Amino acid sequence: MAVNNPYAKYKQSSVETKSAGELTLMLYEGCLKFIKRAEKAIAENNIEEKNTNLIKSQNIIRELMVTLNTDVAVSGNMMQMYDFILSKLVEANTANDMEALKQAETFVADFRDTWKEVIKLDRQQRHGSAGGSTGSGTPASAQASGSNGGAVTAGASGRGTAKGAPGNPYAQSRQGLTAAGGGQRSFRK
């Protein structure tokens, strides 16, 4: 089916020309947009609007889970976090639980902020030194060698999410995402 609306054509073209890293960032941003709409709907007691937006948020998290490359060591930690976020979105939807929704929002925002940092580091590597890009469309700094070694950034959000706690899968996921360098495997299939 042909798209006749010029804005729709532009939007479709924009999505089709994005790298894998930029598409992942778009998923996080879309998820946050739908969470914000759901928060507003809960405050206004608009159950239908809340449900619609939380289903969209859940679908985005499911897409991130399905496309996660499980061959990469840190992906197990990311899967746990996605599962946690999904459970909070379901809880928010079934119980109108604003606290659960805020928890999901915090983690999605942290993933988004971390991913922005990954893209920024990749651009610096590609434009500042030779060989920074892996050619896979996924930022070189988002490639993983199976370890959490390398330079690790603290991230952009600064939210208190117990990132440094030992055994915290969120901290391990964040370190894996922002590890500079890495091997040749992408987090997404």
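So for the sequence shown, our numbering puts the first residue at -19; every next one is plus one.
Note that CB positions come from ideal geometry on N, CA and C, so glycine has one too.
Computed from a prediction, not measured in an experiment: that's the story for all the values here.
How many Å lie between residue i and residue j at the Cα?
| i | j | result |
| --- | --- | --- |
| residue 17 | residue 65 | 17 Å |
| residue 81 | residue 69 | 6 Å |
| residue 28 | residue 21 | 8 Å |
| residue 107 | residue 6 | 23 Å |
| residue 57 | residue 35 | 23 Å |
| residue 15 | residue 86 | 10 Å |
| residue 41 | residue 47 | 10 Å |
| residue 89 | residue 102 | 20 Å |
| residue 77 | residue 59 | 23 Å |
| residue 45 | residue 32 | 20 Å |
| residue 13 | residue 71 | 18 Å |
| residue 37 | residue 97 | 22 Å |
| residue 39 | residue 104 | 32 Å |
| residue 91 | residue 26 | 28 Å |
Drop a sphere of 10 angstroms on the beta-carbon of residue i, count the other beta-carbons inside from all chains shown, and report buried for 16 or more, exposed for fewer.
| i | result |
| --- | --- |
| residue -2 | exposed |
| residue 84 | buried |
| residue 61 | buried |
| residue 79 | exposed |
| residue 4 | buried |
| residue 24 | exposed |
| residue 74 | exposed |
| residue 94 | buried |
With H, G and I counted as helix, E and B as strand and the rest as coil, what does DSSP make of residue i?
| i | result |
| --- | --- |
| residue 57 | helix |
| residue 90 | helix |
| residue -15 | coil |
| residue -2 | coil |
| residue 102 | helix |
| residue 51 | coil |
| residue 63 | helix |
| residue 76 | coil |
Give me the Cβ distance between residue i and residue j, rounded to the nearest whole Å; I'm assuming they're in contact under 8 Å.
| i | j | result |
| --- | --- | --- |
| residue 9 | residue 99 | Going by Cβ atoms, the distance from residue 9 to residue 99 rounds to 12 Å, so no, they are not a contact pair. |
Just to check, is the beta-carbon of residue i closer than 8 Å to a non-hydrogen atom of the ligand SAH?
| i | result |
| --- | --- |
| residue -15 | The model on display carries no ligand, and the ligand SAH is accordingly not part of it. |
Segments of 4+ residues assigned as alpha helix (DSSP H) that fall wholly inside the segment 23 to 49: Within the segment 23 to 49, the complete alpha helix (DSSP H) runs of at least 4 residues are 27 to 46.
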